[in-house]
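In what follows, a single structure is set out as structure tokens and then discussed.
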Amino acid sequence: MRLRRTDPHTLAGAYALDALGEADRENFERHLLGCEACRAEAASLRDAAGWLAEPAGAVPPPRLRGQVLAEAARTRQQPPPVRVGERVRRSWHGIGWRAPRLAVAIAGAGILVALALGTLLINTQDRLRMDEVHSGEIAAIMNAPDADIMTVHARTRGSATVVMSHAAHKLVLTTARLPALPSTECYQVWLMGTRRIKSAGRLPPPKQGMTAPMIVAGLAAGDRMGVTVEPAGGAASPSAPPVLMLALPSG
Amino acid sequence: MTAELPGERPRAAAGGELAGLLAKVARGDEAAFAGVYDHFATVVYGLVRRVVRDPAQSEEVTQEVLLEVWRTASRFDPTEGSARSWLMMLAHRRAVDRVRSAHASAQREARAAVAATDYDVVVEEVETRLDAQRVRRCLDSLTEIQRESVTLAYYGGYTYREVAALLGVAVGTVKTRMRDGLIRLRDCLGTDS
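Structure, rendered in structure tokens:
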């Protein structure tokens, strides 16, 4: 099914009721990012929908209270998001990286991150098994105990989201809403260290504005990750200033 | 955004109280978390049970929802909506995820048969509760197709396409009725105080 681009607003009700399929919801959330009035409407309808829970109220089994409180007492909480310049860094250290927790953590990580990683993971929630994610290597990085997640905005438009494992010297990169390029050009990813600049390959072609997760390996301390626009075949070294640059934290 | 929201809501005090509790929960306050449980476990469990139906699974999902509150309380952003709305969203999404997973697919047809009728039964169980009465009164102010579209989606966990199929109407109609119905519900809850 395709979103009717002429009037996505009609989906606000279905969205607030969680009645959109995966593709419809992704489209609508993308629409929300650029439409403040729509976000306000969606929030107010979401609020109204939430009141429908009231008539459904039912007393849970008494044992549940003790279970929930005991489980909370041994569960580490997520730190609040902290803004550092343009970058939103969310440290996920020590959350307890069982697979279902990952989906939860991503779900709690804000709409941009959820959008960037969501196509991969968010709809699998409880059923998430890392071996079902299409690449075990991607899963391993995202599942790493030292995984850091960062989002950086491009100079032009759009953003990149990175999940980085210091120990593995690898990161997973996805992008959203970068400006479309003519077929004669591509986005190329670079690792820019103090002593060398190394190509990490070209970004895959976007699908609905987002690029599939890409692995960048061989990170060294002090590296920055840059993305430049290059001729379609790629270049040996960056030929233009990066449209996007991210200083990678050292472990 | 807040300017466009109707001001007075049922149990506004409890909603504000939840925001205060969440701020404490975010700092690791276990007593505040117990407070969240005591105020909201009934409505969370009731909603999950309503959507998921199976009591054992509902208990599991309820526990997941509340632990998600514990873990992610620091991520609650009051500029994006009320605390109550956030909590109900977590609960509803998890319940819906559970019933939409392949595991539950076998039960879908059985749920289809009862989803439309069961709402009255559930409502009667808790009719003494003021908020429940108010919500029900507002639901009654919707047109029949608005109400059916909204309740099948919310209590049944169906997508709007599935609702359209269940009601035998065009998907475009269902989309519009869901939105119109929620707007009417929102306005009724906001003004009927």
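Top line first, the protein sequences correspond to chains L and V. 215 is the number that the working numbering gives to position 211 of the first sequence; each next residue is one higher, with no gaps. 131 is the number that the working numbering gives to position 129 of the second sequence; each next residue is one higher, with no gaps. C-beta: ideal position from N, C-alpha, C; glycine also.
### Query
What's the C-alpha gap between Gln59 (chain V) and Leu184 (chain V)?
Working through the second sequence from its first residue, we reach residue 59 (chain V) at position 57. Working through the second sequence from its first residue, we reach residue 184 (chain V) at position 182. C-alpha separation (whole angstroms): 28 Å.
### Query
Do Leu49 (chain V) and Ala93 (chain V) come within 8 Å of each other at the CB atom, strictly closer than that value?
Here residue 93 (chain V) corresponds to residue number 91 of the second sequence, with the count starting at 1. Here residue 49 (chain V) corresponds to residue number 47 of the second sequence, with the count starting at 1. Their beta carbons are under 8 Å apart, which means Ala93 (chain V) touches Leu49 (chain V) by this criterion.
### Query
Do Met214 (chain L) and Ala184 (chain L) come within 8 Å of each other at the CB atom, strictly closer than that value?
In the first sequence, counting from the first residue as 1, residue 184 (chain L) sits at position 180. In the first sequence, counting from the first residue as 1, residue 214 (chain L) sits at position 210. Result no, Cβ atoms of Ala184 (chain L) and Met214 (chain L) do not sit closer than 8 Å.
### Query
Taking C-beta to C-beta, are Gly54 (chain L) and Met91 (chain V) nearer than 8 Å?
Residue 54 (chain L) sits at position 50 when you count from the first residue of the first sequence. Residue 91 (chain V) sits at position 89 when you count from the first residue of the second sequence. At a Cβ-Cβ threshold of 8 Å, Gly54 (chain L) and Met91 (chain V) count as neighbours.
#### Entry: Start and end residues, beta strand (DSSP E) containing Val231 (chain L)
Taking the first sequence and counting its residues from 1, the one referred to as residue 231 (chain L) is at position 227. Counting along the chain, the beta strand (DSSP E) containing Val231 (chain L) begins and ends at Arg228 to Pro235.
### Task
Could you list which residues in chain L have their beta carbon closer than 9 Å to that of Thr145 (chain V), in chain order?
Looking up residue 145 (chain V) in the second sequence gives position 143. Under the 9 Å cutoff, chain L gives no residues; its nearest Cβ is about 14 Å from Thr145 (chain V).
### Query
Along the region 61-82 of chain L, what residues have a CB closer than 7 Å to any CB found in chain V?
Gly61, Ala62, Val63, Pro64, Pro65, Leu68, Arg69, Gln71, Val72, Leu73, Glu75, Ala76, Ala77, Thr79, Gln81 and Gln82
### Message
Quick check on Asp51 (chain L) - is its C-beta less than 8 Å from some C-beta in chain V?
### Response
What you label residue 51 (chain L) is simply residue 47 of the first sequence in a count that begins at 1. Yes, Asp51 (chain L) counts as interfacial toward chain V.
#### Entry: CA nearest to the CA of Val166 (chain L), picked from L:Ala216, L:Lys211, L:Cys190 and L:Gly140
Within the first sequence, the letter at position 162 stands for residue 166 (chain L). With distances taken between Cα atoms, Val166 (chain L) lies closest to L:Ala216.
### Task
With distances taken Cα to Cα, identify the nearest neighbour of Leu250 (chain L) among L:Ala236, L:Glu234, L:Ala60 and L:Asp227.
Start at 1 with the first residue of the first sequence, and residue 250 (chain L) comes out as number 246. When each option's Cα is compared against that of Leu250 (chain L), the closest is L:Asp227.
### Query
Could you check where the beta strand (DSSP E) with Gln192 (chain L) kicks off and where it finishes?
Within the first sequence, numbered from 1, the residue matching residue 192 (chain L) stands at position 188. Note, Gln192 (chain L): beta strand (DSSP E), Glu189 to Met196.
### Task
Mind listing the chain V neighbours of Asp22 (chain L)? Cutoff is C-beta to C-beta under 7 Å, in chain order.
The residue you call residue 22 (chain L) lines up with position 18 of the first sequence. Result: His94, Arg95 and Val98.
### Task
Inspect the beta-carbon positions of Ala257 (chain L) and Ala46 (chain L) and report whether they are closer than 8 Å.
Only positions 5 to 255 of chain L appear in the structure, and residue 257 (chain L) is not among them; the question remains open.
### Query
Hey, does Leu272 (chain V) have any beta-carbon neighbour from chain L nearer than 8 Å?
Residue 272 (chain V) lies beyond the range of chain V shown here (3 to 195); nothing can be said about it.
### Task
Could you tell me how far apart the beta carbons of Ala269 (chain L) and Val45 (chain V) are, in whole angstroms, since I believe they sit closer than 8 Å?
One cannot answer for residue 269 (chain L) here, as it falls past the ends of chain L, which runs 5 to 255.
### Query
So which residues of chain V does Ala151 (chain L) contact, with C-beta pairs closer than 9 Å?
Start at 1 with the first residue of the first sequence, and residue 151 (chain L) comes out as number 147. Result: empty, since nearest Cβ-Cβ is about 16 Å, beyond 9 Å.
#### Entry: Pairwise C-alpha distance: Met154 (chain L) and Gly192 (chain V)
On the second sequence, residue 192 (chain V) is found 190 positions in, with the first residue counted as 1. On the first sequence, residue 154 (chain L) is found 150 positions in, with the first residue counted as 1. Distance between the alpha carbons of Gly192 (chain V) and Met154 (chain L): 39 Å.
### Query
Does the beta carbon of Glu136 (chain L) sit closer than 8 Å to a beta carbon anywhere in chain V?
In the first sequence, residue 136 (chain L) corresponds to position 132, counting from 1. Residue confidence for Glu136 (chain L) is low, a pLDDT of 43 falling below 50, so the modelled location carries little weight and cannot support an answer.
### Query
Just the Cα atoms here: how many angstroms apart are Pro209 (chain L) and Ile219 (chain L)?
Working through the first sequence from its first residue, we reach residue 209 (chain L) at position 205. Working through the first sequence from its first residue, we reach residue 219 (chain L) at position 215. One C-alpha to the other measures close to 15 Å.
### Query
Taking contact to mean at least 3 C-beta pairs separated by less than 8 Å, is the region 30-46 of chain L in contact with the region 62-80 of chain L?
no
### Message
Rounded to whole angstroms, what is the Cα-Cα separation between Val98 (chain V) and Ser76 (chain V)?
### Response
Working through the second sequence from its first residue, we reach residue 98 (chain V) at position 96. Working through the second sequence from its first residue, we reach residue 76 (chain V) at position 74. The straight-line gap from Cα to Cα measures roughly 24 Å.
### Start and end residues, beta strand (DSSP E) containing Met154 (chain L)
Residue 154 (chain L) sits at position 150 when you count from the first residue of the first sequence. Run containing Met154 (chain L): Asp152 to His157, per the beta strand (DSSP E) assignment.
#### Entry: Limits of the unbroken beta strand (DSSP E) element including Val171 (chain V)
By one-based count along the second sequence, residue 171 (chain V) stands at place 169. Note, Val171 (chain V): premise wrong, no beta strand (DSSP E); not H, not E.
#### Entry: 7 Å Cβ cut-off: residues of chain L touching Gly30 (chain V)
Against the second sequence, residue 30 (chain V) aligns to sequence position 28. Here the neighbours are Gln81.
### Task
State yes or no: is the beta carbon of Gly25 (chain L) nearer than 8 Å to at least one beta carbon in chain B?
This model lacks chain B altogether; the protein chains it does include are L and V.
### Query
Looking at the structure shown, is Arg50 (chain L) part of a helix, part of a strand, or coil, going by DSSP?
Start at 1 with the first residue of the first sequence, and residue 50 (chain L) comes out as number 46. In this structure, Arg50 (chain L) counts as helix in the three-state DSSP scheme.
### Query
Cβ of Pro253 (chain L) within 7 Å of any heavy atom in the ligand FMN?
Ligands are entirely absent from the displayed structure, and the ligand FMN is therefore not among its contents.
### Alpha-carbon to alpha-carbon, Gln148 (chain V) and Asp182 (chain V)
As a first step, residue 182 (chain V) is located in the second sequence; it is residue number 180 there, counting from the start. As a first step, residue 148 (chain V) is located in the second sequence; it is residue number 146 there, counting from the start. About 7 Å.
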